Amino acid sequence: MFNHTELPADLARQRVIGAAEAAAFLNISLPHFRRQYRLGRVPAPIRLTERKLGWRVGTLVDFLNAASKMEAV
233 MFNHTELPAD LARQRVIGAA EAAAFLNISL PHFRRQYRLG RVPAPIRLTE
283 RKLGWRVGTL VDFLNAASKM EAV
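First residue of the sequence shown? That's 233 in my numbering, and the numbers climb one at a time after it.
Right under this line is the structure:
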């Protein structure tokens, strides 16, 4: 079975994940993630299909890094 952690770093950042995985990545519940999305407090998704949204891992990593820098100030 293929493991995404085996991807080169630049490809891993381009990987697209769904809302449930994005919530887990940010260590928050799915309902909380959805609320934060509606309020514009998490990165904007990309539209995969008419009804399906996804988030790039790299965008979420950058979001976490920016949030941790804000907390450090």
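Each residue gets a CB set at the ideal place from its N, CA and C atoms; glycine is no exception.
Being a predicted model, the structure only gives us computed values, none of them experimental.
- Distance from Pro277 to Leu285 at the Cβ level is roughly 4 angstroms; contact confirmed, criterion being Cβ atoms closer than 8 angstroms.
- For Leu271, there is no enclosing alpha helix (DSSP H), as DSSP marks it with neither H nor E.
- In this structure, the straight-line span from the alpha carbon of Phe257 to that of His264 is close to 13 angstroms.
- At a Cβ-Cβ threshold of 8 angstroms, Ile260 and Val289 do not count as neighbours.
- In the three-state reduction of the DSSP assignment, Arg247 falls in the coil class.
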